[in-house]
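Report on one structure; see the data block that follows.
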Amino acid sequence: NSAHHVTGTGRGVHGDTKTFEVSSYQGQYVLWDQTRGGGIQTYTANNGSSIPGYLVASRTTTFNDPAAVDAHYYAAKVYDYYKNVHNRNSYDGRGTSLVSTVHYGRNYMNAFWNGRQMVYGDGGSQNGYTPFSAGLDVIAHEMTHGVTSSSDASQLIYRNQSGALNEAISDIIASDVDSNDWLMGEDINYVIRDLANPTRYNQPDHMSKYVNTTQDNGGVHINSGIINKAAYLMADGGSHYNVTVQGIGRAKMAKIFHKANLDYLYSNSDFSAARSACIQAATALYGAGSQEVQTVTNAFAAVGIH
Ligand SMILES: Cc1cc(C(=O)NCC(F)(F)F)no1
Ligand SMILES: [Zn+2]
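Below is the structure:
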């Protein structure tokens with residue numbers, strides 16, 4: 009009812025004024041958007057580590073916590089992306105409420121999906137103390153972990169090749185949501201990956217450079233570069249290791265990866281299974297023998313996956 013559709017406002021981390029949906033609650037206003045699915049709720053951990061923490065509240069409809077403003081605003085944007093582009097209601101497709109917690113820990117230089125919700129640190133000296141919720145690509149990356157983990161088709165065990173695939177899918181969908189570059193982290197002063205040029209941030213861009221390591225769950229944030237490069241080539245095209253790919257655009261590339269994630273990948277899928285899944289998804293979406301199927305095949309070949 010009308011008491012629920014209250015418009016809140018506040019400045020984000022970069023000083024930009026944003027408006028978003030809030031609710032009146034116990035004589036205050038809270039960051040609870042009741043207009044999207046089962047709701048979007050934004051909490052603060054007050055720099056502790058217990059989550060979700062406290063629902064962010066204000067005595068007026070103006071909110072003075074920039075990290076919370078961005079987390080709440082970008083969660084709505086990513087909700088709308090999944091609903092409008094992929095016809096998916098929240099991360100699980102069943103409208104389960106989207107929960108975020110900001111100000112997690114002290115000088116915490118990361119963000120994560122804990123299996124139920126998104127969590128953001130405030131950043132640290134390496135990124136000018138920029139809270140991680142200031143990046144649309146970060147929110148999209150984390151929510152997509154929720155999509156992957158809730159998909160009965162994939163889950164994608166978080167280690168080795170299935171884990172790198174899990175990571176790549178989060179970066180790939182994030183690049184479609186935050187679609188004016190191929191970088192991860194540019195809005196939090198902390199560019200950590202480049203899907204167009206993975207080697208710029210010490211990631212491999214071909215199977216011949218796959219990194220076998222025990223670090224980072226078998227290099228899930230390292231070897232994701234190989235799949236990220238394939239996705240970039242599918243979208244924008246190009247020649248890579250003497251293989252030429254005809255681009256089909258970012259939107260179609262994202263449709264293929266999302267459908268592969270939901271319908272054709274399984275918990276222990278490796279990179280070769282990702283190639284098959286994307287070919288099957290492209291075939292279902294665009295037809296056998298389509299340019300899209302050819303592009304998918306060539307993009308994986310270009311990064312050494314056959
Ligand atoms: C190394 C390493 C990279 C990440 C990472 O990707 N975090 C998610 C992001 F959205 F903040 F980027 N975590 O550890
Ligand atoms: Zn991740």
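Numbering (the numbering used here), first residue to last: 9 to 314.
Using N, Cα and C, we set each Cβ at its ideal position, and we do this for glycine too.
As the structure is a prediction and not an experimental result, all values here were calculated from the model.
message: Let's test the definition: count the other Cβ atoms within 10 Å of the Cβ of residue 88 and tell me whether it reaches 16, buried, or not, exposed.
response: Per the 10 Å Cβ criterion, exposed.
query: For residue 152, which of helix, strand or coil comes out of DSSP?
result: Here residue 152 sits in helix by DSSP.
For residue 76, the nearest candidate out of 233, 152, 38, 276 (CA to CA): A check of alpha carbon separations from residue 76 across 233, 152, 38, 276 identifies 38 as the nearest.
query: How close, in whole Å, do the beta carbons of residue 231 and residue 203 come, if the pair is a contact with beta carbons under 8 Å?
result: Not confirmed; about 14 Å, so no contact.
query: With a cut-off of 8 Å, do at least 3 Cβ pairs link the segment 246-265 to the segment 181-189?
result: Inter-segment contact for the segment 246-265 and the segment 181-189 is present: three or more beta-carbon pairs are separated by less than 8 Å.
message: In whole angstroms, give me the CA-to-CA distance for residue 53 and residue 139.
response: C-alpha separation (whole angstroms): 13 Å.
- request: Would you check if there are 3 or more beta carbon pairs closer than 8 Å linking the segment 141-159 to the segment 78-87?
  value: As far as the Cβ criterion goes, the segment 141-159 touches the segment 78-87, which means the pair count is three or higher.
- prompt: Are residue 206 and residue 213 touching if we call contact CB-CB under 9 Å?
  reply: Closer than 9 Å, so yes.
query: alpha helix (DSSP H) containing residue 85: first to last residue?
result: In the DSSP assignment, residue 85 falls within the unbroken alpha helix (DSSP H) covering 74-94.
- request: State the Cα-Cα distance for the pair residue 67 and residue 35, rounded to the nearest angstrom.
  value: Going from the Cα of residue 67 to the Cα of residue 35 covers about 8 Å.
- request: Return the bridge partner residues of residue 36 from the DSSP annotation.
  value: 33, per the DSSP bridge assignment.
- request: With hydrogens ignored, establish whether the beta-carbon of residue 192 is closer than 8 Å to any heavy atom of ligand 1.
  value: Answer for residue 192: yes, Cβ within range of ligand 1.
query: What number of angstroms, rounded off, separates the C-alpha of residue 294 from the C-alpha of residue 233?
result: Their backbone Cα atoms lie some 26 Å apart in a straight line.
query: At what residue ranges does the segment 153-195 contain a whole run of the alpha helix (DSSP H), taking only runs of 4 or more?
result: Scanning the segment 153-195 from its first residue to its last, the whole alpha helix (DSSP H) runs of 4-plus residues come out as 168-185.
task: Within its chain, find whatever has a CB closer than 6 Å to the CB of residue 169; leave out the 5 residues flanking it on each side and keep chain order.
output: Within the same chain, Cβ atoms closer than 6 Å to the Cβ of residue 169 are found at 278, 279, the five residues on either side in sequence being excluded.
message: Just to confirm before moving on: does the CB-CB distance between residue 149 and residue 119 stay below 9 Å?
response: The Cβ atoms of residue 149 and residue 119 lie closer than 9 Å to each other.
query: Which residue or residues does DSSP assign as beta-bridge partners of residue 26?
result: Partner(s): 18.
query: Roughly how many angstroms separate the alpha carbons of residue 160 and residue 270, rounded to a whole number?
result: About 7 Å.
query: Is residue 154 closer than 9 Å to residue 100 when the C-beta atoms are compared?
result: For the pair residue 100 and residue 154, the CB atoms are nearer than the 9 Å cut-off.
message: Is residue 120 close to ligand 2? I mean its beta-carbon at under 8 Å from any heavy atom of the ligand.
response: Under cutoff, so the answer is yes.
field: Same chain only: Cβ atoms within 7 Å of residue 177, ignoring 5 sequence neighbours per side
entry: If we look at residue 177 and ignore the five residues flanking it on each side, its Cβ neighbours are 152, 156, 265, 269.
message: Bridge partners for residue 201 per DSSP, in chain order?
response: Partner(s): 192.
message: By the DSSP assignment, the alpha helix (DSSP H) with residue 288 in it spans what residues?
response: That run of the alpha helix (DSSP H) goes 279-294.
task: May I ask whether a heavy atom of ligand 2 can be found less than 8 Å away from the beta carbon of residue 153?
output: Proximity of the beta carbon of residue 153 to ligand 2 is indicated: a heavy atom of the ligand is located closer than 8 Å.
message: Quick check: what's the CA-CA separation for residue 57 versus residue 121?
response: Taken atom to atom, the span from the alpha-carbon of residue 57 to that of residue 121 is near 14 Å.
field: N-terminal and C-terminal residue of the beta strand (DSSP E) that residue 119 is part of
entry: Where residue 119 is concerned, the enclosing beta strand (DSSP E) stretches over 119-121.
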